[in-house]
Ligand code: CP
Ligand code: NVA
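What follows is the structure, encoded as C-alpha cells:
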C-alpha cells in the first residue's frame, strides 16, 4: 500500500519522480480550461474521499479539481458531519470507507488520527495537513522553486517565523531533496528536534539562527506562514505575535537575502503580520504559483499512490 503520509516516509527517488511527473502534466495541459480532462485519465472509474476536519480552500479545491482532471470522481466530507465526529472509531471509518472509495485524502488534527486511518484502510491515504506536517504543500513548493530557479539541491532555504507543520515538512524535504535549511524564529517555536536530527542524518546542513537578518544572508528562498495555525489556541495569539514580530518577512529583511531570492507562503496569509503585502505582491513572490502547483503536484501524488 502506497500511502502518502509524510515527505520522510516516501523514498527520495519516488519524490523526485512525483515532481517530474507533476511538471510534465502541468505542461501537457497548459492553456486548457480548468474543467477540461487531461489527455490520459488514470483515475477513470475511481472514487476519492476528501475528508476535512479543519477549514480549507486550496487543499479542498485543488484535490477536487485534480481528481476530475484525471477522470475520477470525488466526495468531499466534513469530519463534523461524519459519524467519525460522533464517536465512531477511526479504524472502523477506515474499513468502511475502503469498501466505497479507492483513495482517501484526510485533513485532521492529530498525526495519530492520520496514521490510524492509514493502518486500517485498505486503500491509499494521503495527508492533507495535520498539526504536525503538510507534505502536499511542500511537494508543490519544491516544484515551484525548481520551475523558477532550477534544481533545489544545494540551495539555501530559510524559514522565518513559527516552526510549524509546514516548516516541519520543509525540514524533511531538505533531507530528501538535499538542500540547506535555516530556521529563524523564537526558541519556543523551534521545529521539533526530531525533524532537525533526522534531516541532519541525511547529510544536509540544518541550522538555527535567532537573528533573522543573519539567517537570510545568502538565501535562495525565504518562506514563512501564519503566526497562529488552525490547531493553536486563540488565547496564545497575543503571546505568539509578540514573539514572532521580529521575524516578519518584509522588504528590509528580504534585502539581506540574495537579490533574486524567492518568497513563499503556503497561504492563507495574514497580510502585514507574518509577511508584508509589499513582499507578498513583490516581483520575487511566487505565492500564487505555489497555490496552483498544489493541483499539479497532488495529481502526481495520487497517481503514485494508485500506481497509475
Ligand atoms: N495551503 C493550504 O493548505 O491551504 P488551505 O488551508 O486553504 O487548504
Ligand atoms: N500552519 C497552517 C497552515 C495552513 C495551510 C495551519 O496549520 O493552520
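Residue numbers (my numbering): 130 to 437.
All C-beta atoms in this analysis are idealised placements derived from N, C-alpha and C, irrespective of residue type, glycine included.
Self-check item: Spatial neighbours of residue 176 in its chain, beta-carbon cut-off 6 Å, leaving aside the 5 residues before and after
Solution: Residue 176 sits at position 47 when you count from the first residue of the chain shown. Excluding residues within five positions, the ones whose Cβ falls inside 6 Å are 202, 230 and 231.
Practice problem: Compare the C-alpha of residue 311 against each of 330, 265, 343 and 332 and name the closest. | Solution: Here residue 311 refers to the residue found at position 182 of the chain shown. Taking only the C-alpha atoms, the option nearest residue 311 is 343.
Quiz item: For residue 260, does the count of other Cβ atoms within 10 angstroms reach 16, so buried, or fall short, so exposed?
Solution: Here the question's residue 260 lines up with position 131 in the chain shown. Buried is the call here.
Quiz item: Expressed to the nearest angstrom, what Euclidean distance is found between the alpha-carbon atoms of residue 340 and residue 376?
Solution: Along the chain shown, one-based indexing puts residue 340 at 211. Along the chain shown, one-based indexing puts residue 376 at 247. In a straight line, the C-alpha of residue 340 is about 9 Å away from that of residue 376.
Quiz item: Is DSSP giving residue 392 helix, strand or coil here?
Solution: In the chain shown, the residue the question calls residue 392 occupies position 263. Annotated three-state conformation of residue 392 is strand, per DSSP.
Quiz item: What are the uninterrupted segments assigned as alpha helix (DSSP H) that are 4 or more residues long and contained completely in the segment 314 to 362, given in chain order?
Solution: 322 to 330 and 341 to 345
Quiz item: Is it the case that the Cβ atoms of residue 235 and residue 147 are separated by a distance below 8 Å?
Solution: Taking the chain shown and counting its residues from 1, the one referred to as residue 235 is at position 106. Taking the chain shown and counting its residues from 1, the one referred to as residue 147 is at position 18. No; because the gap between Cβ atoms is not below 8 Å, this pair is not in contact.
Quiz item: What do you reckon, is the C-beta of residue 395 under 7 Å from a heavy atom of the ligand CP?
Solution: Reading the chain shown from its first residue, position 266 is the one you call residue 395. Answer for residue 395: yes, Cβ within range of the ligand CP.
Quiz item: How many Å lie between residue 296 and residue 270 at the Cα?
Solution: By one-based count along the chain shown, residue 296 stands at place 167. By one-based count along the chain shown, residue 270 stands at place 141. Those two C-alpha atoms are separated by around 11 Å.
Quiz item: Does the Cβ-Cβ distance between residue 308 and residue 283 come in under 8 Å?
Solution: Against the chain shown, residue 308 aligns to sequence position 179. Against the chain shown, residue 283 aligns to sequence position 154. The Cβ atoms of residue 308 and residue 283 lie closer than 8 Å to each other.
Quiz prompt | Strand pairing of residue 199, partner residues [DSSP] | solution = Taking the first residue of the chain shown as 1, we reach residue 199 at position 70. According to DSSP, which records beta bridges pairwise, residue 199 is partnered with nothing at all.
Quiz item: When the Cα atoms are used, what is the spatial distance from residue 434 to residue 214?
Solution: What you label residue 434 is simply residue 305 of the chain shown in a count that begins at 1. What you label residue 214 is simply residue 85 of the chain shown in a count that begins at 1. Their Cα atoms are separated by approximately 27 Å.
Self-check item: Start and end residues, beta strand (DSSP E) containing residue 236
Solution: Residue numbering aside, residue 236 sits at position 107 when the chain shown is read from its first letter. Here the beta strand (DSSP E) through residue 236 covers 232 to 236.
Quiz item: How about residue 274 and residue 350: are their beta carbons less than 8 Å apart?
Solution: On the chain shown, position 145 is the one that residue 274 refers to. On the chain shown, position 221 is the one that residue 350 refers to. Yes. Within cutoff.
Quiz item: Closest to residue 250 by CA distance: which of 257, 264, 279 and 225 is it?
Solution: As a first step, residue 250 must be located in the chain shown, where it is residue number 121. Checked all of 257, 264, 279 and 225; the closest Cα to residue 250 is 225.
Quiz prompt | Bridge partner(s) assigned by DSSP for residue 267 | solution = Numbered from 1 along the chain shown, position 138 holds the residue referred to as residue 267. The partner list for residue 267 (beta bridge, DSSP) is empty, contrary to what the question assumes.
Quiz item: So, do the segment 361 to 376 and the segment 151 to 159 have three or more beta carbon pairs nearer to each other than 8 Å?
Solution: no
Quiz prompt | Three-state secondary structure (DSSP) of residue 364 | solution = Position 235 of the chain shown holds residue 364. In the structure shown, residue 364 sits in a helix (DSSP, three-state: H, G or I).
Exercise. Apply the 10 Å Cβ neighbour rule to residue 241 and answer buried if 16 or more other Cβ atoms are within range, or exposed otherwise.
Key: Reading the chain shown from its first residue, position 112 is the one you call residue 241. Exposed, because fewer than 16 other Cβ atoms sit within 10 Å of the Cβ of residue 241.
Quiz prompt | Close Cβ partners of residue 243 (< 8 Å) along its chain, the five nearest in sequence each way excluded | solution = By one-based count along the chain shown, residue 243 stands at place 114. Closer than 8 Å at the Cβ level, and outside the excluded window around residue 243, lie 134, 235, 237, 254, 256 and 259.
Exercise. Return helix, strand or coil for residue 172, following the three-state DSSP convention.
Key: Position 43 of the chain shown holds residue 172. Residue state for residue 172 is assigned as coil, using DSSP reduced to three classes.
Practice problem: Please indicate yes or no: does the CB of residue 270 lie closer than 7 Å to some heavy atom of the ligand NVA? | Solution: Numbered from its first residue, the chain shown carries residue 270 at position 141. Result no, Cβ not under 7 Å from the ligand NVA.
Quiz item: Any idea which residues DSSP pairs residue 400 with across the strands?
Solution: If you number the chain shown from 1, residue 400 lands on position 271. DSSP, once it has assigned bridges, lists 404 as partnering residue 400.
Self-check item: residue 266 Cβ short of 7 Å to the ligand CP heavy atom set
Solution: Taking the chain shown and counting its residues from 1, the one referred to as residue 266 is at position 137. Flag set: Cβ of residue 266 near the ligand CP.
Quiz item: Beta carbon of residue 142, beta carbon of residue 180: below 8 Å?
Solution: Within the chain shown, residue 142 is the residue found at index 13, counting from 1. Within the chain shown, residue 180 is the residue found at index 51, counting from 1. Result no, Cβ atoms of residue 142 and residue 180 do not sit closer than 8 Å.
Exercise. Just tell me which of 173, 198 and 178 has its CA closest to the CA of residue 161.
Key: For this step, residue 161 is matched to residue 32 along the chain shown. Nearest C-alpha to residue 161: 198.
Quiz prompt | For residue 141, the residue or residues it bridges with in DSSP | solution = Stepping through the chain shown from its first residue, residue 141 is reached at position 12. In the DSSP output, where bridge partners are listed per residue, residue 141 has none listed.
Quiz item: When you compare only the Cα positions, how much space is there between residue 430 and residue 239?
Solution: Position 301 of the chain shown, counted from the first residue, corresponds to residue 430. Position 110 of the chain shown, counted from the first residue, corresponds to residue 239. Each residue's alpha carbon lies about 22 Å from the other.
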